[in-house]
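First the structure, in the form of structure tokens, and then the observations on it.
Residue numbers (this note's numbering): 579 to 1142.
Given below as structure tokens:
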């Protein structure tokens, strides 16, 4: 049975019945609102001193009746969007304004966020006839939206607006207008969508940090997402409920609608409640920075060890985000061990996740012991260990390949290496060294990942020398270097000797590369050019001199012999 929504406190029985009779009324599909319905709404609104509105279907039937206060309406949950690309919701909002004001920002936000067919305002006149008040109608205009009007600070924005002195003067074939606008929306969104079959995402920046936003775009590409568009709102503090403010939320919905986006990727971590509120408001799946990195790790993990560690991190991330939002999760279960009030399905899910976390932690502890045993064997052989570390995508795997002539997978993408790789090198004087490539670092690496990958990161603890690789051509070189240094301190590895390797110097002028090497006290190389490696090997040999000499033939190579 139809029921009233909104602010119903203190309404007299006669007016409540008048509101309930609204459900019997109907308008033709060509009308935004009929004169009879307009008279009824404005009359009840004047007597209540509150805004009154209805949600009408395209067939002209009243779906919801809502009562607000003197200034605005709070719309109820209207459910999911209709299926199909390039479609509006199939509902229009017609409501009253008591003070003669035009459509407000809140009205237009409702139009955009709910993707309504239209929002119409009926001015409540001071008299009793109910038909003398002005009427204003707004609809989403796909052509303006495609032209970038969604972000305009003035004008009508991405809306088509029609105003008339009263209902009789409103010359608008609503049915034809909606059909035309929806057809235009479908045409434009078909053109906006690619044919890759990948998930389409809006990348949303919420901090003033340009480098962080650029990094988020790279992370999204590394995750295999098709970037449909991007938006930024540089806030000193996230909106406590929906991450971004109401105005930007409207832009997100409109941009997502035009770009056929399914996902919104943020450059920060979100609280579970923020992610849910954003999803409820926009219809887009919210992915925060940690979740994005976890997804990349899940794709990159090839070994059983790596998959275990990624699963552990994902479970720890998802545990606090398991809610009773779905109706199916509110059921109670009984049986042995579940007598009395029983256990909700959500609680069962949480318990199973905790059980799985404990099982994974035991397996990873066993993995840690196995790695420790292998490290002891290496120490028994007295082999020096060089561990290549650095920010993700600095060229660590390429350097390993260049040094050892191996074929570890390397690409210009973030987190291409997840599982650690070790290679032995044998030199003419029978000297050997182990070179290890590890997972790349990133600023503010999620703590769950650090904990899950501790068994892998423990490999660094036995290194005799850390080769800290940085991208010399990166404008954010210094910030990324500091991020790695900070993480080494957190892992209690800062005491291990380090050699800074300025990679990708082929992208710089020779004098620039030399200046950077002097400034940071590092060695300038290009991992793609093996002829630049002798200086690095010589510096590593000097750093490891107390243990054993490395690559004695590099000195001879400098005298003119080709590099082996």
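Note that CB positions come from ideal geometry on N, CA and C, so glycine has one too.
Three-way DSSP call (helix, strand, coil) for residue i in this model
i	result
residue 865	strand
residue 1008	Any answer about residue 1008 is weak, because its pLDDT of 47 lies below 50 and its placement is not dependable; what the coordinates show is given next. Coil.
residue 965	strand
residue 887	helix
residue 875	helix
residue 622	helix
residue 782	strand
residue 586	coil
residue 913	The predicted position of residue 913 is uncertain, since its pLDDT is 42 and thus under 50; no value can be drawn from it.
residue 737	strand
residue 598	helix
residue 742	strand
residue 768	helix
residue 1110	helix
residue 641	strand
residue 851	helix
residue 580	coil
residue 633	strand
residue 604	strand
residue 830	helix
residue 1000	strand
residue 1115	helix
residue 1015	strand
residue 731	Low per-residue confidence applies at residue 731: pLDDT is 44, beneath 50, and the placement is therefore not dependable, though the value from the model is reported in the following sentence. Three-state result, residue 731: coil.
residue 572	Nothing in the structure corresponds to residue 572, since the chain is present only between 579 and 1142.
residue 842	strand
residue 544	Residue 544 falls outside the range modelled here, since the chain spans only 579 to 1142, and no answer is possible.
residue 1186	What is shown of the chain runs 579 to 1142, which leaves residue 1186 out entirely.
Residue of the options minimising C-alpha distance to residue i
i	options	result
residue 679	765, 700, 644, 1071	700
residue 1024	1105, 590, 892	892
residue 646	585, 785, 656	585
residue 1087	617, 975, 1074, 1103	1103
residue 828	817, 859, 1035, 1050	859
residue 1096	1106, 1080, 1110	1080
residue 787	928, 1106, 1021	1021
residue 757	865, 1120, 704, 696	696
residue 1058	1090, 999, 1078	1078
residue 1122	934, 1110, 1099, 1076	1076
Same chain, Cβ closer than 7 Å to residue i, neighbours up to 5 away in sequence not counted
i	result
residue 723	736, 832, 836
residue 580	601
residue 791	783, 810, 845
residue 1062	967, 968, 969, 1019, 1046
residue 684	650
residue 721	762
residue 1002	1010, 1012
residue 526	The requested residue 526 is not part of the displayed model; the chain covers only 579 to 1142.
residue 750	610, 715, 740
residue 973	1047, 1049, 1081, 1082, 1105
Own chain partners of residue i with C-beta closer than 6 Å, once the 5 adjacent residues on each side are dropped
i	result
residue 643	582, 597, 600, 632
residue 983	none
residue 808	781
residue 822	811
residue 913	Low per-residue confidence applies at residue 913: pLDDT is 42, beneath 50, and the placement is therefore not dependable enough to give any value.
Other residues of its chain near residue i: CB distance less than 8 Å, five sequence neighbours each side excluded
i	result
residue 870	794, 797, 798, 801, 843
residue 594	582, 586
residue 941	886
Cβ-heavy atom distance, residue i to the ligand GDP, below 6 Å
i	result
residue 602	Absence of the ligand GDP is noted for the structure shown, with no ligands found whatsoever.
Exercise for review: Evaluate contact between the stretch 963-971 and the stretch 1035-1047, counting only Cβ atoms and requiring at least three cross-stretch pairs below 8 Å.
Suggested key: yes
Check your understanding: Is the number of C-beta pairs between the stretch 713-723 and the stretch 738-758 that are closer than 8 Å three or more?
Key -> yes
Review point. At which residue ranges does the stretch 1025-1057 contain complete alpha helix (DSSP H) runs of 4 or more residues, listed in the order of the chain?
Key: 1025-1030, 1032-1035
Review point. Fully enclosed by the stretch 1064-1100, which beta strand (DSSP E) runs are 3 residues long or longer?
Key: 1076-1081
Review point. Going along the chain, which unbroken runs of the alpha helix (DSSP H) with 4 or more residues stay wholly within the stretch 653-724?
Key: Within the stretch 653-724, the alpha helix (DSSP H) runs of at least 4 residues that lie entirely inside it are, in chain order, 683-691, 720-724.
Check your understanding: Is the stretch 1079-1094 in contact with the stretch 1050-1069, if contact means three or more CB pairs nearer than 8 Å?
Key -> yes
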